[in-house]
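Chemist: Protein chains in written order, with this note's numbering: chain H, 50 to 363; chain L, 50 to 363; chain X, 50 to 363; chain Y, 50 to 363. Here a beta-carbon is modelled for each residue, glycine too, at the ideal position from N, C-alpha and C.
Number of protein chains: 4
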Amino acid sequence: MANSKFEYVRHFELTNTTHLLPNTYIIIRIDGRSFHRFSTLQSFTKPNDARALSLMNAAAVSVFHDLGGEVVSIAYGVSDEFSFVLRKECNLFDRREAKLVSTVVSIFTAYYISLWPKYFPSQELTRPLPTFDGRAVCYPTIENVRDYLSWRQADCHINNLYNTSFWMLILKGGMTPQEAEKELMGTLAKDKNEILWSRFGINYNNEEEMFRKGSVVYRNYGAVPDSSTEDKPNEEEEATPEKKEATAETTPVPPAEAQKGKSRSQQKREAKKLAKAEVVIEHVDIIKDAFWEKRPWILHWTLGRQNEYAGTEQ
Amino acid sequence: MANSKFEYVRHFELTNTTHLLPNTYIIIRIDGRSFHRFSTLQSFTKPNDARALSLMNAAAVSVFHDLGGEVVSIAYGVSDEFSFVLRKECNLFDRREAKLVSTVVSIFTAYYISLWPKYFPSQELTRPLPTFDGRAVCYPTIENVRDYLSWRQADCHINNLYNTSFWMLILKGGMTPQEAEKELMGTLAKDKNEILWSRFGINYNNEEEMFRKGSVVYRNYGAVPDSSTEDKPNEEEEATPEKKEATAETTPVPPAEAQKGKSRSQQKREAKKLAKAEVVIEHVDIIKDAFWEKRPWILHWTLGRQNEYAGTEQ
Amino acid sequence: MANSKFEYVRHFELTNTTHLLPNTYIIIRIDGRSFHRFSTLQSFTKPNDARALSLMNAAAVSVFHDLGGEVVSIAYGVSDEFSFVLRKECNLFDRREAKLVSTVVSIFTAYYISLWPKYFPSQELTRPLPTFDGRAVCYPTIENVRDYLSWRQADCHINNLYNTSFWMLILKGGMTPQEAEKELMGTLAKDKNEILWSRFGINYNNEEEMFRKGSVVYRNYGAVPDSSTEDKPNEEEEATPEKKEATAETTPVPPAEAQKGKSRSQQKREAKKLAKAEVVIEHVDIIKDAFWEKRPWILHWTLGRQNEYAGTEQ
Amino acid sequence: MANSKFEYVRHFELTNTTHLLPNTYIIIRIDGRSFHRFSTLQSFTKPNDARALSLMNAAAVSVFHDLGGEVVSIAYGVSDEFSFVLRKECNLFDRREAKLVSTVVSIFTAYYISLWPKYFPSQELTRPLPTFDGRAVCYPTIENVRDYLSWRQADCHINNLYNTSFWMLILKGGMTPQEAEKELMGTLAKDKNEILWSRFGINYNNEEEMFRKGSVVYRNYGAVPDSSTEDKPNEEEEATPEKKEATAETTPVPPAEAQKGKSRSQQKREAKKLAKAEVVIEHVDIIKDAFWEKRPWILHWTLGRQNEYAGTEQ
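#1: I want to see whether chain H comes within less than 9 Å of residue 193 of chain Y, judged by CB atoms only; does it?
#2: Spatial neighbours of residue 347 of chain L within its chain, please: CB distance less than 6 Å, with the 5 preceding and 5 following residues excluded, ordered by chain position.
#3: Short of 8 Å Cβ to Cβ, which residues in the region 314–338 of chain H face chain A?
#4: Can you tell which of Y:202, Y:104, Y:116 has its C-alpha closest to the C-alpha of residue 324 of chain Y?
#5: Using C-beta distances below 7 Å, list every residue in its chain close to residue 100 of chain L, excluding the 5 sequence neighbours before and after it, in chain order.
#6: With DSSP as the reference, label residue 348 of chain X as helix, strand or coil.
#7: On a Cα-Cα basis, can you pick out the residue from L:234, L:246, L:204, L:74 that is closest to residue 133 of chain L?
#8: Kindly confirm or deny that the region 150–159 of chain L and the region 221–234 of chain L touch, where touching means at least three C-beta pairs closer than 8 Å.
#9: Note down the Cα distance separating residue 282 of chain L from residue 142 of chain L, rounded to an integer number of angstroms.
#10: Distance, Cα to Cα, residue 197 of chain Y vs residue 182 of chain Y?
#11: If we count Cβ pairs, one from each stretch, closer than 8 Å, do we get three or more for the region 188–196 of chain H versus the region 83–91 of chain H?
#12: Using 10 angstroms around the beta-carbon of residue 245 of chain H, count the other beta-carbons present and answer buried if the total reaches 16, otherwise exposed.
#13: For residue 165 of chain Y, collect the residues of the same chain with a Cβ closer than 7 Å to its Cβ; drop the 5 residues on either side in sequence, then sort them by chain order.
#14: Quick one: using the 10 Å Cβ neighbour count with 16 as the cut-off for buried, is residue 339 of chain H buried or exposed?
#15: Could you pull out every residue in the same chain whose Cβ sits closer than 6 Å to the Cβ of residue 299 of chain X, ignoring the five residues on either side in sequence?
#16: I want to verify the contact list: residues of chain H whose CB lies under 9 Å from the CB of residue 61 of chain X, in sequence order.
#17: Grouping DSSP H, G and I as helix and E and B as strand, with all else coil, what is residue 181 of chain L?
#18: Taking 9 Å as the threshold (beta carbon to beta carbon), is residue 144 of chain Y in contact with chain L?
#19: Counting C-beta neighbours from all protein chains within 10 Å, is the total for residue 96 of chain Y 16 or more, i.e. buried, or is it exposed?
#20: Interface residues of chain L around residue 187 of chain H at Cβ under 8 Å?
#21: Could you give the distance in angstroms between the alpha-carbon of residue 211 of chain H and the alpha-carbon of residue 336 of chain H?
#22: In angstroms with no decimal places, state the Cα-to-Cα distance between residue 128 of chain H and residue 82 of chain Y.
#23: Taking residue 183 of chain Y as the query, report the chain X residues whose CB atoms sit under 7 Å from its CB, ordered along the chain.
#24: Between the Cα of residue 179 of chain Y and those of Y:243, Y:328, Y:65, Y:91, spot the shortest distance and give me the residue it belongs to.
#25: Can you give, in chain order, each stretch of the beta strand (DSSP E) that sits fully within the region 162–245 of chain Y and has at least 3 residues?
#26: I want to verify the contact list: residues of chain Y whose CB lies under 7 Å from the CB of residue 56 of chain X, in sequence order.
#27: What does residue 154 of chain L touch in chain H if you count any residue whose Cβ is under 7 Å from its own?
#28: Which residue comes first and which comes last in the alpha helix (DSSP H) that contains residue 116 of chain Y?
#29: List the endpoints of the continuous alpha helix (DSSP H) containing residue 88 of chain X.
#30: Cβ closer than 8 Å: which chain Y residues qualify as neighbours of residue 236 of chain H?
#31: Classify residue 77 of chain X as helix, strand or coil using the three-state DSSP reduction.
#32: Buried or exposed for residue 18 of chain Y, going by 16 or more other Cβ atoms inside 10 Å?
#33: Given a cut-off of 9 Å, decide if residue 120 of chain H and residue 150 of chain L are closer than it, judged by their beta-carbon atoms.
#34: Starting from residue 126 of chain H, follow its DSSP beta bridges and name the residues at the other end.
#35: Compute the Euclidean distance between the alpha carbons of residue 62 of chain X and residue 253 of chain X, then round it to the nearest angstrom.
#36: What residue range does the alpha helix (DSSP H) around residue 319 of chain Y cover?
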């Protein structure tokens, strides 16, 4: 059977392939589809369900593992969304947009479905199953990436303060949703804090960090013993070589500068070490500088796999 | 907390949103990631594993159900790939490429994982889980869509004939994979048919249709009783009004022409009926005209949800 | 000098090349930049300057000639804009968007500047020079293309009726622009016709066709003697073989159908003949069917240069 | 006349508008169409025609003037091509690709045609007129932009050394083009230098800088008196405040850092001054650091028109 006379259709495909701009950070954000309905159906605790958030985090960790150590440098999750920041050197799938987005969404979905029984042992998934959509956006600079993540974390704060107040007014204040909405209309952050404290004795700052700050997922390079120093102690409190380096970053010298003097082989060693580093989940502030200054490997280091796009910056 | 100073990052997102050309057929093709390794790991039967193909088909049917009755008009699956043809009137997600592709991939993945135990009751999924990637391509005409599907089905035939011969040479002929590959090098279709017949007594044309033709999934409009004729008999053999219409399509009058005279309300009625029609899986030839002439609703009819892109053609 | 270490930058280029969807009509529309200011500077006659429009038309004809006979099938101009419809088989520059748009804009600009002295012999161009921008949009069907052109011609009518009324109120009615604008606010077409007639004795329908209908540019295939019939008469009023064919198109048979029976060599002959046909400028209605039924070669015929995208439709 | 029923076609347009990624350098490169033929037709001097190159440069300067002072930061021309680097803050036309590319091409073409008689007073342009095509590519970092420009200048060197040798072998050596080509096959730079010197007494390094280095076009901010120092001397040899600043850039402090301390109003003052600066044409090395260290305003300064994309980097 001659297949050749149909093969012209491949031209349509070749001409529809978007490659994302090289040497930029790719952020892939996934969102739950119709999760409002899904969370009601599965009786998620309001305003936050720790099991559901932990399942999201576990699926995100699986994305790190499935794609390998050097692809995703950090991820941030809140509610039913998760953003994955890919290293700017990333050349996976030749940076084809559709492949990158669909792969991340597929991995996330597969683990979400597969891990469900672990986090909701007594509840079965029913049709329609939970699913996610995704999109990719490029950001050219570290500043843009940090502003993106700050935008999501600030959003988390704003939404969670609102939701906490809203549900307290309903669950403990006996209001209807409409009454609670009306009560909160036009209130500022301090008003909501006051409502929580004066009416329900809740100090918002004591609420769970996971609810207030969202979830930050990354490879904890700083906690991995350097191969040349594997006999050195590795406790959190100890100043390992990495910690010293990290501390040095807090000086006015820009973090990237600290790396400028590094040799290519040193960068490769760092890349290998990073790939072995444990993926950790934290609920911490990523808007201020401190988080980044202590973990310069996440955004400031150029690590291994220098590809053809790396330019003169060596 | 002021979120506004970070919100500028949304501009990067807005300027990176691809909308697929209106009034064209969107074909979303998904492919299994590393399924060669996965099929070995899960000991899929060679050259074809009926359970694995049936699981693919079940996941594809779920995409029809999840997206609703008017979105996907036909899907075609072979091996670890599936192509979904969206109606040219489709305006789902405002035709945003990333949302369409990631959603189809996510639904497919969710059901593949979720239905696995039904098709492989004695085998557990292990990490890394099976996942899929996807892409979307637009095709402007029915001819282009049919040629695309013919390309995939011709490919199915070519690959399956090769694989059947290859595995027979190994499993029954006692060859190593290298010997089998060498044996088949440069052979034509008739040579492979001859090898199968003379050495193993296999008439290729008697092999399972699912293996030879792949899987065609669509809504069987023709088998649904018309709401205005629900008292009419509906057996396959009976000539229902729809069947008559379908039969009429085999005359030289182009199928689309048959619809030209239809009123808007008739189109709406047809759309409603289609949304209720059962999703069927068949293993039939879709290269020749017969399949399409008998099922004009799949590609030739413009059905309901006439959106703003529909133009003057009413 | 080693150039190789810089050449990686070409990757950025390769990944930023948009190819327009095959088998669709490409419409490239160019617009004058700041022509409001330019027309004041050069004292264009209001509301319409026949010299300026004729210069636009001459530049458009040059685009036909420069790109060759089979690329542009029709162009439509009004005011300081011109739309060029490229045949759906067009594979010029491998359909790369930037090359197509910039080339058309460059040709148009070059001839506009170069031909200026012919149309404005007593006025010199001064800085800033008149320039144009452009964009390309794909349309999948003949209906979409006709609706696009109808949209532009309807716009021409609406704007010209307004402008004619507006300038009469100023030039002959002695109003200020503000007064004229106020006078016309909320008026319908019939009101404007009435104003023109009752106050200024102007029957709008007697205004110049070029002003009321814009300019239609195309190759007049129908007026070219067929190579096999070169001894036949060719007057407009005569029924040449082409005219007969064109007339046949007015029957209910869709124009495309008429071509279905044509052999490949016949199509090639037609393509050659078309490339030789004179480019004509007319000021006629292109919203109704008559124009198209009489000139089926413009949109309904698939002509020569059948490339690999042409599909099975032969 | 109701235009509304056609207006749906605008959707096709809206969904086909590419916006270039914010906060990246946009490089628009234009190329002469069929200039090999054109240069023969117009008897351009071989291997380089100073008049033709000067005309290219004059057209490029016009692009700076037409687009205004803050849009293009530097341009580089060689042979029949010119690359325009737009500031990364540039928000012209909302960064729509087609508008940016077509506008630059149109301006360049308009001035090329219009200025032709000045550079070729005794030769008339004939049909087909010289035209240009263009494309836009984004580059995220200064390093990428410098590598792009280095790539073009290295290319200029390689091509010009070849062409100079090739044409000497023909014009003075009496070879045919085929013989010259064969003679040069496989030669290295030093071989070509040797051929030029030993056979024709030509020291390649004494060839015109415009031929060997191409043309660099930029605004000479450094030569403009600061508004706050307009009574200060401004001779090239004098150390104006700007020159001092520029000189300071040669220290290990990265140029961008020098700006970090600048207030917003200082940046605005600098932007204003830049817009007034003369556009100069030079034929100098832009591969080494010296050019850039002395002119930090070209790539290293963020100037005025801080738009919403500028991020936190202030």
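Modeler: Per the coordinate set shown:
#1: Walking along the fourth sequence from the start, residue 193 of chain Y turns up at place 144. Yes, residue 193 of chain Y counts as interfacial toward chain H.
#2: By 1-based counting over the second sequence, the position of residue 347 of chain L is 298. Closer than 6 Å at the Cβ level, and outside the excluded window around residue 347 of chain L, lie 122, 123, 267.
#3: Of the protein chains in this structure, namely H, L, X and Y, none is chain A.
#4: Taking the first residue of the fourth sequence as 1, we reach residue 324 of chain Y at position 275. Closest in alpha carbon position to residue 324 of chain Y, among Y:202, Y:104, Y:116, is Y:116.
#5: The residue labelled residue 100 of chain L in the question sits at position 51 within the second sequence. Once the five neighbours on either side are set aside, the close Cβ partners of residue 100 of chain L are 168, 169.
#6: As a working note, residue 348 of chain X is residue 299 in the third sequence. Helix at residue 348 of chain X.
#7: Within the second sequence, residue 133 of chain L is the residue found at index 84, counting from 1. If we check each option's Cα against that of residue 133 of chain L, L:74 comes out closest.
#8: no
#9: Position 233 of the second sequence, counted from the start, is the residue given in the question as residue 282 of chain L. Position 93 of the second sequence, counted from the start, is the residue given in the question as residue 142 of chain L. Legend: pLDDT at residue 282 of chain L = 38, less than 50; position of this residue unreliable, value from coordinates given subsequently. Computed Cα separation, rounded: 39 Å.
#10: Here residue 197 of chain Y is taken as the residue at index 148 of the fourth sequence, counted from 1. Here residue 182 of chain Y is taken as the residue at index 133 of the fourth sequence, counted from 1. If I take the Cα positions, the gap works out to 19 Å.
#11: no
#12: Counting from 1 along the first sequence, the entry for residue 245 of chain H is found at position 196. Residue 245 of chain H is buried by the Cβ-count criterion.
#13: Here residue 165 of chain Y refers to the residue found at position 116 when the fourth sequence is read from its first residue. Cβ neighbours of residue 165 of chain Y beyond the five flanking positions: 104, 174.
#14: Position 290 of the first sequence, counting from 1, holds the residue named residue 339 of chain H. That one is exposed.
#15: As a position in the third sequence, residue 299 of chain X is number 250, starting the count at 1. Legend: pLDDT at residue 299 of chain X = 28, less than 50; position of this residue unreliable, value from coordinates given subsequently. Excluding positions up to five away in sequence, the list reads 342.
#16: Here residue 61 of chain X corresponds to residue number 12 of the third sequence, with the count starting at 1. Within chain H, the residues near residue 61 of chain X are 70, 71, 72, 358.
#17: Here residue 181 of chain L refers to the residue found at position 132 when the second sequence is read from its first residue. In the structure shown, residue 181 of chain L sits in a strand (DSSP, three-state: E or B).
#18: The count along the fourth sequence starts at 1 and reaches residue 144 of chain Y at position 95. Taking Cβ atoms only, chain L reaches closer than 9 Å to residue 144 of chain Y, which makes this a yes.
#19: Counted from its first residue, the fourth sequence places residue 96 of chain Y at position 47. Buried.
#20: Locating residue 187 of chain H in the first sequence gives position 138, counting from the first residue. In chain order: 61, 65.
#21: As a position in the first sequence, residue 211 of chain H is number 162, starting the count at 1. As a position in the first sequence, residue 336 of chain H is number 287, starting the count at 1. Each residue's alpha carbon lies about 20 Å from the other.
#22: In the first sequence, counting from the first residue as 1, residue 128 of chain H sits at position 79. In the fourth sequence, counting from the first residue as 1, residue 82 of chain Y sits at position 33. Each residue's Cα considered, the two are about 55 Å apart.
#23: As a working note, residue 183 of chain Y is residue 134 in the fourth sequence. 147, 151, listed in chain order.
#24: Taking the fourth sequence and counting its residues from 1, the one referred to as residue 179 of chain Y is at position 130. Per the Cα distances, Y:91.
#25: 181–188
#26: What you label residue 56 of chain X is simply residue 7 of the third sequence in a count that begins at 1. 200, listed in chain order.
#27: As a working note, residue 154 of chain L is residue 105 in the second sequence. Here the neighbours are 151, 154, 155.
#28: By 1-based counting over the fourth sequence, the position of residue 116 of chain Y is 67. Its alpha helix (DSSP H) spans residues 99–116.
#29: Sequence index remark: in the third sequence, residue 88 of chain X carries index 39 (1-based). Counting along the chain, the alpha helix (DSSP H) containing residue 88 of chain X begins and ends at 84–90.
#30: Taking the first residue of the first sequence as position 1, residue 236 of chain H is located at position 187. Here the premise fails: no neighbours, minimum Cβ distance about 28 Å.
#31: Sequence index remark: in the third sequence, residue 77 of chain X carries index 28 (1-based). Note: residue 77 of chain X maps to strand in three-state DSSP.
#32: The first residue shown for chain Y is 50 and the last is 363, placing residue 18 of chain Y beyond what the model contains.
#33: As a first step, residue 150 of chain L is located in the second sequence; it is residue number 101 there, counting from the start. As a first step, residue 120 of chain H is located in the first sequence; it is residue number 71 there, counting from the start. No, they are not a contact pair.
#34: Residue mapping note: residue 126 of chain H aligns to position 77 of the first sequence, counting from 1. Residue 126 of chain H is bridged by DSSP to H:131, H:264.
#35: Within the third sequence, the letter at position 13 stands for residue 62 of chain X. Within the third sequence, the letter at position 204 stands for residue 253 of chain X. Linking residue 62 of chain X to residue 253 of chain X through their CA atoms gives a straight-line distance of about 52 Å.
#36: As a working mapping, residue 319 of chain Y is identified with position 270 in the fourth sequence. That run of the alpha helix (DSSP H) goes 313–325.
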